[in-house]
Amino acid sequence: MDIMKKFKVFCVWFTGLLSLLLISGCDLNTRMSTFTAKGPIAETQLDLFMLTVWVTGFIFLAVGGVYVYVVIRFRDKNDGDESIPSQGHGNPLVELGLIGISILLLVIIAVPTLQGIWYTHEIPDDESSLLGSWYTNGDLSEADANEPFIIRAIGYQWWWEFEYPQLGITTSNEMVMPAGRPIHIELRSVDVIHSFWLPKIAGKVDLIPGRANSMWIQAGDTIDAWANKVGFEGSENERQVAYEQYLEEEIYDYYYGQCAEYCGDSHARMLFRAHVVNDEDFYAWVNRMNEGHTEAPEGMTWEEWYTLYDETPEVLTGDIHEGLKLFMGRAKCATCHAVKGNPRAVGVAGPSLTYLAERHSIAAGWLNHRNEDNTVDSEAQLVNFIKWIKHTDEVKPGNLMWKAKGAGIGELDPLLNDEEIRKISLYLQSLQ
Amino acid sequence: MSTTNTTEVINPSVHHDLAELKPEISDLGLKRPDHSKNVLIDWLTTVDHKKIGLMYGAMALFFLLVGGLEALIIRTQLAVPENDLISAQRYNQLFTMHGTTMIFLAIMPLNAAFFNFMVPLQIGARDVAFPRINAFSLWAFVAGALVINFGWLLQALEMFGLFSASGATAGKNDFVPAMGWFGYAPITSTEFTGAGTDFWIMGLQILGVASLSASLNFIVTIINMRAPGMKMMRLPVFTWMTLIVSLLIIFAFPAITVALIQLMFDRVFGTNFFSVAGGGQPILWQHLFWIFGHPEVYILVLPAMGIVSEVLPTFSRKPLFGYAIVVFSGAVIGFLGFAVWSHHMFTTGLGKIATAAFSLLTMAIAVPTGVKIFNWVGTLWGGKIRFHAPMIFAIGFVWMFMLGGFSGIMHSSAPADAQQQDSYFVIAHFHYVAIGGILLAIISGIYYWLPKMIGKMWQGSLNIWVGILTVVGLNITFFPMHFLGLLGQPRRTHTYLSGFGWESYNMVCTIGSYILALGVLLLVVDIIRCFRSKQLAGDDPWDARTLEWATSSPPKVYNFAATPVINARDAYWAHKYGPENRKLGTVEESHGIHMPSQSWMPLIASAGFIPLGLGLSMMQAGVPYMGYVSILGLVIIALGISLWALEGPGGYHLHPKKETN
């Protein structure tokens with residue numbers, strides 16, 4: 034019978050293509066890889082996953098091996114033997130035994146799973162989880178100090194707002210967080226369901242309208258957990274230095290996240306970023322975000338600038354002044370966007386633009402301008418600003434900035450011309 | 024009575040000449056469409072479970088190709104990063120319709136085709152319990168399929184600038200559903216989606232009517248119409264799985280029916296079941312949907328397990344290993360299927376206890392599933408395996424379904440699932456189950472039963488190529504998706520940026536999908552060749568075990584010339600090879616065979632669903648007078664059902680003659 038020959042041809046094909054496939058990409062350390070876990074939550078999740086891989090791998094080899102053996106061994110050999118095989122109906126002992134083994138194998142997964150559920154569900158209940166235990170950048174109210182550090186992630190179609198309620202900061206699409214500190218993330222949505230997924234740091238939890246979801250995350254281990262894990266022995270000082278070195282080498286980074294629940298037209302373009310930094314850099318960022326842009330362009334005070342803007346706008350010349358005039362005026366940007374410091378740019382419908390030019394991407398992570406060394410590529414940034422303002426509807430179909438019931442730039446008559454768009458973009462680039 | 028006589032009586036070579044029969048007159052005084060010479064009228068009004076089964080099959084194969092085409096466009100769009108072959112909206116419509124089509128319009132009716140054709144034959148019945156309700160189920164399915172797909176026409180008009188929405192969904196020009204087959208509130212509200220969602224609601228609701236009425240029919244049939252001696256524990260496993268699936272449908276569909284009604288009320292009448300602003304709860308939808316949705320998974324897969332449990336024994340020439348435990352584990356799967364719905368919702372913030380409970384229950388469901396796999400392997404053990412086409416696919420099924428099961432176990436660990444949920448890993452998982460499992464089993468069923476259905480035998484060895492291309496294609500398409508998911512690519516995204524390490528995997532997946540598509544295309548070619556084949560199948564081409572092979576191929580309209588008496592499990596095998604006391608007997612009947620009359624009423628009643636569904640949906644898009652059209656639909660349904668009740672059951676008798684030589 035040529036069926037066996039065909040089966041062999043099939044096997045050769047199959048293994049050939051499968052290996053081709055495995056060669057085609059085996060880099061598991063990519064931007065959003067769950068294989069390179071960078072925090073206790075993602076590590077717990079990865080460990081559990083690998084456990085299921087080993088257990089099912091074992092079953093696969095055992096059952097699969099028997100299966101292949103049976104299919105080959107008991108094939109009809111076409112040797113003229115027409116006898117009917119024994120009509121056995123089953124064997125209760127074998128069946129119960131296999132059920133027992135299956136249950137046993139599942140228990141191996143179940144116990145760590147339960148531990149994992151309890152661990153990942155709530156922020157550890159100890160002193161070091163409280164904001165007051167590590168935050169040394171200015172005074173905290175007692176209530177805030179006795180709570181974990183809170184970041185509130187708010188989902189919009191199709192961008193992210195990140196509020197730091199204890200620190201009075203709002204930013205969008207790129208969050209900044211200190212390494213080695215447990216963070217309580219409050220998840221809120223204003224429209225449809227979104228899902229917060231920062232694969233290297235934690236699996237996802239949904240943002241559901243009308244529901245107060247939360248999760249906790251942590252980039253890298255706390256100093257105690259790390260020291261335990263590596264079995265560090267030495268003085269407190271050495272310990273601090275070695276820990277800092279671990280964070281430097283493995284944790285401080287620019288992390289990629291994305292909305293993981295289908296949320297409408299531009300779901301694919303709802304990305305976000307997390308800068309994981311050391312405490313000092315975090316404090317510096319907090320202070321700058323709190324102050325905002327204290328000066329108008331060219332070192333003017335906002336009062337001076339608005340006096341001119343209101344009375345003699347024609348004297349405000351030059352790209353950045355003109356860009357800001359458009360931003361506040363014809364282009365209606367400030368209707369929806371806030372720029373902290375600028376007293377009249379206090380819109381709340383769109384993403385906050387405070388220190389926008391320091392971010393490494395715009396349009397919720399879709400348009401990128403980050404250099405390898407973690408600096409901003411300003412040429413690419415300008416191109417991206419222009420592209421976004423000019424083609425908002427194409428970069429993110431269906432989004433409100435283009436058509437927002439009379440407030441969108443797609444509804445301006447006439448539309449912004451290229452020169453105006455360039456000036457607004459240059460102004461945005463000055464937000465640093 | 025002697026053996027030879029028995030066989031002749033069950034399967035006579037001479038039978039009553041149908042052409043001599045005259046149309047019957049119904050209680051309304053109208054001519055019934057019985058014995059029509061017009062082929063079209065005959066098929067439109069048929070109540071014969073075999074013709075209905077064939078129509079389900081043909082329709083389902085068509086939608087399998089439609090759903091496959093949608094998948095190919097999706098894969099082509101994703102072949103390279105930042106591709107702009109299709110727009111975001113079109114992509115979202117395609118993945119929504121791909122899922123909806125494959126589940127409701129391809130796999131469910133393919134299963135229904137086998138239920139219809141095979142269950143009465145397997146239990147030795149003349150037809151199903153309610154032949155006209157059976158026809159109604161078929162036509163309601165067709166109506167639902169039309170309603171759900173009607174949006175494509177409006178979308179085409181919209182593309183040419185000939186139509187745009189006004190009224191309740193003004194400015195929302197998505198006329199094909201674009202909110203995913205799961206339709207998570209609140210994206211299904213009029214605030215976020217247009218009339219496509221209404222077509223989807225109405226279409227699913229109609230399909231639900233079709234499935235519910237069909238399921239009630241099968242439950243009654245299997246419980247009441249078994250031939251004498253066909254005890255429950257002698258039922259072929261496929262019939263057992265049909266029974267379990269029918270019960271699952273009866274219990275699961277009410278949840279989605281209620282949810283769809285609530286959603287329709289939210290959209291059309293402004294109620295607040297799922298609207299946060301009005302105090303509603305979007306999460307409620309997810310619970311209702313998955314209480315239906317998870318049993319639905321088993322509604323799709325249990326028939327596949329049933330098919331394989333028929334094919335493996337036949338081609339190993341051995342009884343199913345552990346029949347009782349296979350049947351029992353099918354029931355346990357069905358039962359537990361209602362207790363694991365929240366594992367689709369591990370990321371919705373369920374709380375520790377609920378997460379733990381659903382995690383453990385999900386692991387528990389792996390046990391009866393594993394039992395089935397062990398028993399299939401046990402069936403092969405010690406057999407004489409013949410590699411005919413049905414067997415090749417059944418063997419492939421066990422292999423691929425096992426892989427899908429393993430990734431299922433990986434999901435059951437809730438913390439691990441937090442990384443997998445809504446990523447390509449999930450797509451890999453359920454396509455191994457849906458294609459590697461269900462589709463391979465259905466192809467196996469087609470190769471196994473089509474000779475019985477049409478009386479013609481497969482020709483040539485195209486089936487080998489169908490097997491190689493589908494199995495290779497499926498693995499190349501979906502195996503890399505495990506990695507894609509774990510490398511962070513979310514599902515339901517119409518495009519992606521380069522630089523995330525996803526490019527090569529996506530390209531490989533796309534190539535694989537074309538290989539898989541070629542395999543399915545060759546299957547269709549092979550089926551057409553089988554229909555045109557000159558070689559007759561004979562009654563029992565595979566030396567099979569169950570009762571359907573005891574009658575002629577194709578079976579006569581009355582299935583069995585005399586009601587068989589069953590004396591063994593694997594009744595026909597025992598008849599052929601067993602001891603004398605296990606052979607088939609017959610019931611002596613003097614009054615002939617009572618046949619049901621054909622009727623227009625099921626067709627008319629279900630045709631009313633079309634104006635009802637389309638009217639309500641298009642009303643939402645602001646088309647004038649559509650409210651009246653939907654009321655007209657209700658009137659047609661009411662009229663159809665009333666006349667159906669009033670025309671009387673009818674029926675006539677056939678008298679198959681025994682061969683005299």
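Sequence lines, in order, name chains A and B. Its first residue numbered 34, the first sequence is counted upward by one per residue in the working numbering. Its first residue numbered 24, the second sequence is counted upward by one per residue in the working numbering. Each residue gets a CB set at the ideal place from its N, CA and C atoms; glycine is no exception.
Whose CA, out of the options, lies closest to the CA of residue i?
| i | options | result |
| --- | --- | --- |
| B/H16 | B/R149, B/P578 and B/H317 | Given that chain B is displayed from residue 24 to residue 684, the structure contains no residue 16 of chain B and the question cannot be resolved. |
| A/M361 | A/I241, A/L81, A/L61 and A/K456 | A/K456 |
| B/A437 | A/L79, A/R185 and A/V416 | A/L79 |
| B/F607 | B/N157, B/V449 and B/L570 | Checking the sequence, you will find Leu at residue 607 of chain B rather than Phe. Measuring from the Cα of B/L607, the nearest candidate turns out to be B/L570. |
| B/P277 | B/F292, B/M476, B/G252 and B/E319 | B/E319 |
| B/I534 | B/T211, B/P56, B/L51 and B/L95 | B/L95 |
| B/I477 | B/K579, B/M182, B/M433 and B/S382 | B/K579 |
| B/K599 | B/Y648, B/H676 and B/A567 | B/A567 |
| A/L163 | A/P181, A/T146, A/G149 and A/L147 | A/P181 |
| B/G360 | B/K375, B/T385 and B/G372 | B/T385 |
| A/D404 | A/A397, A/A413, A/D352 and A/A396 | It is worth fixing the name first, because residue 404 of chain A is Asn in this sequence and not Asp. Cα-wise, what sits closest to A/N404 is A/A413. |
| A/S247 | A/G236, A/E452 and A/D298 | A/G236 |
| B/K475 | B/L463, B/L485, B/G561 and B/T516 | B/G561 |
| A/L280 | A/Q251, A/I419, A/E391 and A/G290 | A/Q251 |
| B/V165 | B/E105, B/G636, B/I654 and B/H676 | B/G636 |
Kindly give me the distance between the Cβ atoms of residue i and residue j, rounded to whole angstroms, as I take these residues to be in contact under 8 Å.
| i | j | result |
| --- | --- | --- |
| B/L403 | B/L335 | 7 Å |
| B/I109 | B/W204 | Incorrect: roughly 18 Å between the Cβ atoms, too far for contact. |
| B/A451 | B/T370 | Actually they do not touch by this definition, with Cβ atoms about 18 Å apart. |
| B/V210 | A/C296 | For the sequence presented, residue 210 of chain B should be read as Ile rather than Val. Correct: roughly 7 Å between the Cβ atoms. |
| B/A645 | B/A193 | Note that residue 645 of chain B is Gly in the sequence shown here, rather than Ala. Yes, B/G645 and B/A193 are in contact; Cβ-Cβ is about 6 Å, under 8 Å. |
| A/A397 | A/L464 | Between A/L464 and A/A397 the Cβ distance is about 17 Å, and since that is not below 8 Å, they are no contact. |
| A/H370 | A/S385 | 7 Å |
| B/T392 | B/I418 | With 8 Å as the limit, B/T392 and B/I418 do not qualify as a contact, their Cβ atoms being about 18 Å apart. |
| A/I216 | A/W249 | 6 Å |
| B/I538 | B/V495 | 6 Å |
| A/T67 | B/L509 | 5 Å |
| B/F632 | B/I229 | 5 Å |
Would you call residue i buried or exposed, if buried means 16 or more other Cβ atoms sit within 10 Å of its Cβ?
| i | result |
| --- | --- |
| B/Q558 | exposed |
| B/W596 | buried |
| B/I322 | buried |
| B/L63 | exposed |
| B/P602 | exposed |
| B/L227 | buried |
| A/S411 | exposed |
| A/R302 | buried |
| A/G49 | exposed |
| A/D406 | exposed |
| B/E670 | buried |
| B/W623 | buried |
| B/G167 | buried |
| B/H614 | exposed |
| B/S234 | buried |
| A/T146 | buried |
| B/F448 | buried |
| A/Q513 | This structure does not reach residue 513 of chain A, given that chain A is present from 34 up to 465, and the question cannot be answered. |
| A/N375 | buried |
Legend entry - Touch test, the stretch 186 to 194 of chain A against the stretch 212 to 226 of chain A, Cβ-Cβ under 8 Å, three pairs minimum: yes
Legend entry - Completely contained alpha helix (DSSP H) runs for the stretch 374 to 451 of chain A, where each covers 4 or more residues: The stretch 374 to 451 of chain A contains these whole alpha helix (DSSP H) runs: 411 to 423 and 425 to 428.
Inset, instruction - Report yes or no: do the stretch 328 to 348 of chain B and the stretch 108 to 123 of chain A share at least 3 C-beta pairs separated by less than 8 Å? - result: yes
Legend entry - the stretch 237 to 247 of chain B contacting the stretch 294 to 312 of chain B, beta-carbon criterion three pairs below 8 Å: By the C-beta criterion, the stretch 237 to 247 of chain B is judged not to be in contact with the stretch 294 to 312 of chain B, since fewer than 3 inter-stretch pairs fall below 8 Å.
Inset, instruction - Take every Cβ of the stretch 584 to 595 of chain B, pair it with every Cβ of the stretch 251 to 271 of chain B, and state whether three or more of those distances are shorter than 8 Å. - result: Yes, since at least three Cβ pairs between the stretch 584 to 595 of chain B and the stretch 251 to 271 of chain B fall closer than 8 Å, the two stretches touch.
Inset, instruction - Counting only runs of 3+ residues fully inside the stretch 272 to 337 of chain A, write out the beta strand (DSSP E) ranges in chain order. - result: If only uninterrupted beta strand (DSSP E) runs of at least 3 residues are considered, those enclosed by the stretch 272 to 337 of chain A are 286 to 292 and 304 to 310.
Inset, instruction - Determine, using beta-carbon pairs with one atom in the stretch 500 to 507 of chain B and one in the stretch 446 to 463 of chain B, whether at least three such pairs fall under 8 Å. - result: yes
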